Amino acid sequence: MIPAPPARQLPLSEAQREMWYGQQADPGNPVFTMGDFLELRGPLDTARFTAAWQGVLWEAGTLRALFTELDGEPRQELAAVGDFPVETLDLSQEPQPRDAAEAFMRQDLLTPPDLTAGTLRSVLLRLGPDHLLFYIRVNHILVDGFSRVLIYNRLAALYADPDDGGAFPDPHTLTEDEASYAATAKYAKEQEFWRGRFEEQPEPVSLSPRPGGPARSSLRCEAVLPAAAVERLRALAWDSRITWQTLLIAATGAYVQRAAGVDRALLTLAVPARATAAARAVPGMRANFVPHPVRVLPGRTVGDFLRDSAGELRATLRHQNYRGDRIRRDLGFTGDAGRSLGPTVNVLESGFDYAFGECAGLLHNLSTGPVEDMQIIYLDSAEDGYAVRLDANPSRYTQQELELHQRRLFGWLGTLAEAGPDAVVDQLDILLPEESAALRAGWNATVIDETYAGVVERVRALAVDEPEKTAVQDPQGSVSYGELVALASALSRRLVAAGVRPGSRVAMLCEP
24 MIPAPPARQL PLSEAQREMW YGQQADPGNP VFTMGDFLEL RGPLDTARFT
74 AAWQGVLWEA GTLRALFTEL DGEPRQELAA VGDFPVETLD LSQEPQPRDA
124 AEAFMRQDLL TPPDLTAGTL RSVLLRLGPD HLLFYIRVNH ILVDGFSRVL
174 IYNRLAALYA DPDDGGAFPD PHTLTEDEAS YAATAKYAKE QEFWRGRFEE
224 QPEPVSLSPR PGGPARSSLR CEAVLPAAAV ERLRALAWDS RITWQTLLIA
274 ATGAYVQRAA GVDRALLTLA VPARATAAAR AVPGMRANFV PHPVRVLPGR
324 TVGDFLRDSA GELRATLRHQ NYRGDRIRRD LGFTGDAGRS LGPTVNVLES
374 GFDYAFGECA GLLHNLSTGP VEDMQIIYLD SAEDGYAVRL DANPSRYTQQ
424 ELELHQRRLF GWLGTLAEAG PDAVVDQLDI LLPEESAALR AGWNATVIDE
474 TYAGVVERVR ALAVDEPEKT AVQDPQGSVS YGELVALASA LSRRLVAAGV
524 RPGSRVAMLC EP
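So the mapping is simple: the working numbering equals the position in the sequence shown, first residue as 1, plus 23.
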């Protein structure tokens, strides 16, 4: 029997405060909920497993946190381990146990969060003999993606040896580490770096023309990049002397730049922001989301572009501890207009398989928290390739649009791999073969049967396929399709930031 620890009140980390105020803006919104399940196949000692999980809860105090306000300031108090028992649910008699389990988990993820009562829920769902799912639901204010790896590793270690000595450090370690960082010269240098990285306020980048807004759920598209394409991409990374993660981030940024028709893409990178060994050893919410520029310069080869991108990525990662919200405020963004500067990209390495004696555990993620625009996660958990998941805000994208971006992204990755390091990036086609064929057929047609509609869509397609082609010109100069779309996108986002919505009337003053 594990004794309950004394209740403790702790201040919130900056990352937790961001989540707290985000949740308070819409208290019942479950979008900040994270969910996983371990698929367990083989003989499992459920009593030993439950005891191991209680050991994790004892050490990882953040999972037991309850949130209150004290003198107007949010605080967290650590509750007892016994307040969060492992529930059991036997679905083995259902006609389709797996379907019933997934329906249960999907419905549970929609539970309105109550931060004052604790958001952790853990359930062992029995599907059949030697087949269980261990489901965990928790609010993002408690843990981040980095913490999940620590927690599941510790669960496996305590199952193997209940007396294992590798306990987590005290939960206050993260806030102390954060306070120490804020008092160092490194903090000032990182602030100076981010203020100087952008000469002027950058335009947020999205692959959707819709302004969007807070969502209560997200769309999802999952696919596997074929093993042959992965092998060619890894060879390209090797030939270019860059890491695999750098290649994926750079290639995704190039796709966003071309697909959005902008001069420079902005991605949002999910980074752990754990600079010290102490911070890397304790579960908690520390993740940061920082803007990362990616730009394909005209005439650059694939190899040169990838090496350029490697330098930019190193600079971003060296300064990842300065909070993303502070970066956006320093750049002059306020309100919803500055919360997402570009699609989020995350590259996760392997480590999703766990052993519990003779029982094998495979980790599946259900939800990673809020998605403000689009999130692209490279998961590296497929046997026959590389698993990739796209999540999107349903107020900005439809499921059909999300699936189209997935196919285009895979096509673009394949094109880069086949082209090799000496090909010129802006001469490579980003459209799907059938899209390019349809576009060329439209140009070559002498008769257009349909009415002339969809001007915006036609101009965007031209900006993707031939960004340098002249769109308009006069005696004073010319504007390419790529420049035209970039200018129009910048104007539309300024209007959205000013409160303009569909149906609004906007006055225009056109001066010579």
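Heads up, the beta-carbon is just placed ideally off N, CA and C, and yes, glycines get one too.
Everything numeric in this text was worked out from a predicted model, so none of it was measured.
Beta-carbon proximity list for residue i, same chain, < 6 Å, skipping 5 on both sides
i    : result
A277 : V319
P34  : T198
A75  : L178, L181, Y182
L259 : A440
F356 : none
Cutoff 8 Å; reference residue i; Cβ partners in own chain excluding five residues on either side
i    : result
T474 : Unreliable placement is indicated for T474, whose pLDDT of 49 sits below 50; no coordinate value is reported for it.
A190 : E82
F312 : T291, L292, A293, V294, G347, T367
D353 : Q214, W217, R218
V495 : S501, V502, L507
V523 : V529
D376 : A383, G384, L385, L386
G322 : V447, D449
The ligand SAM heavy atom lying under 7 Å from the CB of residue i
i    : result
W435 : This structure simply doesn't include the ligand SAM, nor any ligand for that matter.
Proximity winner among the options, relative to residue i (alpha-carbon distances)
i    : options                : result
L270 : V279, R257, L181, S501 : R257
T198 : T85, H315, L386        : T85
L336 : Q119, G355, I272       : I272
W267 : T324, D403, V279       : D403
T391 : Y345, D414, P321       : D414
N416 : Y409, E424, A410       : E424
R463 : V253, D488, R297, P136 : D488
D59  : V448, F127, P225       : F127
P393 : P232, R243, N176, P118 : R243
S418 : E213, Y401, M397       : M397
L385 : K492, V172, E92, R129  : V172
E223 : D186, R351, I400, P321 : R351
Y345 : T357, F356, T207       : T207
F157 : P227, F379, A300, F216 : F379
I159 : P225, H387, P490       : H387
D167 : A310, K492, R481, R516 : A310
G365 : D187, P118, P225       : P225
L233 : G355, L389, S512, V529 : In the sequence as displayed, the identity of residue 233 is Arg instead of Leu. Closest by alpha carbon: S512.
V447 : F328, P108, R517       : F328
L112 : R149, T139, R323, L61  : R149
A338 : S241, P314, S203, G355 : P314
P456 : V478, D449, R430, R481 : R430
A252 : A211, A442, V478, D49  : A442
Those residues which DSSP pairs with residue i across a bridge
i    : result
Y409 : L248
Y182 : BP columns for Y182 are empty, so no partner.
A338 : Looking at the DSSP assignment, A338 forms no beta bridge with any residue, so it has no partner.
T85  : Partner(s): none; T85 has no beta bridge.
H428 : The partner list for H428 (beta bridge, DSSP) is empty, contrary to what the question assumes.
V508 : Answer is none; V508 lacks a bridge partner.
N388 : D59
L93  : E96
D414 : R243, Q398
N52  : According to DSSP, N52 bridges with nothing at all.
T291 : P314, T367
P34  : R98
Q496 : S501
CB-CB length for residue i against residue j, believed under 8 Å
i    : j    : result
L63  : C382 : 5 Å
G45  : S170 : Not a contact, Cβ separation roughly 18 Å.
Q280 : V317 : 6 Å
P444 : D262 : 5 Å
L561 : A88  : With the chain covering 24 to 535 only, the question about residue 561 has no answer from this structure.
L427 : Y401 : That pair is no contact at about 19 Å.
Residues of its chain near residue i, where Cβ-Cβ distance is below 7 Å and the 5 sequence neighbours each way are ignored
i    : result
A333 : I265, T269
G65  : D153, E381, C382, A383
P97  : L35, R40, W43, F90
L248 : G408, Y409, V411, F433, L436
P136 : Q46, P53, F55, T56, T142, N162
V305 : F191, P192, P194, T196, L197
T438 : L451, D452
A476 : Low confidence applies to A476: its pLDDT is 48, below 50, so where it sits in the model is not reliable enough to give any reading.
T69  : L147
L114 : P120, A123, A124, L148, R149, L150
T73  : V109
R239 : N52, P53, V54
Residue i at chain B interface by Cβ criterion, 8 Å
i    : result
A102 : Absence of chain B from the displayed structure is noted, only one protein chain being present.
Requested in this report: Could you pull out every unbroken alpha helix (DSSP H) segment of at least 4 residues lying fully inside the stretch 144-206, listed in chain order?
Outcome: Counting whole runs of 4 or more residues, the stretch 144-206 contains the alpha helix (DSSP H) stretches 168-183, 196-205.
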